[in-house]
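In our numbering, the protein residues as written are 616 to 695.
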Amino acid sequence: MFCRGEITPELATVNATAAATLSQFCVLQPGDIVACGTFVGTGWPTGRFLRPGHVVRIEIDGLGELSNAVVAYSARALAR
Numbered sequence: 616m617f618c619r620g621e622i623t624p625e626l627a628t629v630n631a632t633a634a635a636t637l638s639q640f641c642v643l644q645p646g647d648i649v650a651c652g653t654f655v656g657t658g659w660p661t662g663r664f665l666r667p668g669h670v671v672r673i674e675i676d677g678l679g680e681l682s683n684a685v686v687a688y689s690a691r692a693l694a695r
């Protein structure tokens, strides 16, 4: 995974607890991709947090890449 063009390999693996919980609801197969967002506390040790305007990108050899921009929503928009 990349954030702002910088590789962040520590975020590229699924937490074993998350995988165990997910497997209670569906069968995980080799090669499955689990995209579950950022685990709580990931940025605390480094003080690096996602901010509006940052772009997060993942790449899978032979498949392609997916990029998402971080955006901020107003409290008013979230209340809808």
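Positions of the beta carbon are idealized from the N, C-alpha and C atoms, including for glycine.
Just so it is clear, the structure is predicted and the values come from calculations on it, not from any experiment.
Backbone CA spacing between residue i and residue j [nearest angstrom]
{"i": "Phe698", "j": "Thr636", "result": "Any answer about residue 698 is impossible in this case: the structure gives the chain only from 616 up to 695."}
{"i": "Arg672", "j": "Thr661", "result": "20 angstroms"}
{"i": "Gly677", "j": "Asp647", "result": "14 angstroms"}
{"i": "Gly679", "j": "Val642", "result": "24 angstroms"}
{"i": "Leu681", "j": "Pro645", "result": "20 angstroms"}
Proximity test, residue i beta-carbon vs the ligand NAD heavy atom, cut-off 6 angstroms
{"i": "Gly662", "result": "Ligands in the displayed structure: none, and consequently the ligand NAD is not present."}
Anticipated Cβ contact below 8 angstroms, residue i with residue j, distance rounded
{"i": "Val670", "j": "Ala687", "result": "Their Cβ separation, rounded to whole angstroms, is 14 angstroms, which puts Val670 and Ala687 out of contact at 8 angstroms."}
First through last residue of the beta strand (DSSP E) which encompasses residue i
{"i": "Ala684", "result": "679-684"}
{"i": "Val671", "result": "670-675"}
Endpoints, the alpha helix (DSSP H) within which residue i is located
{"i": "Leu637", "result": "631-637"}
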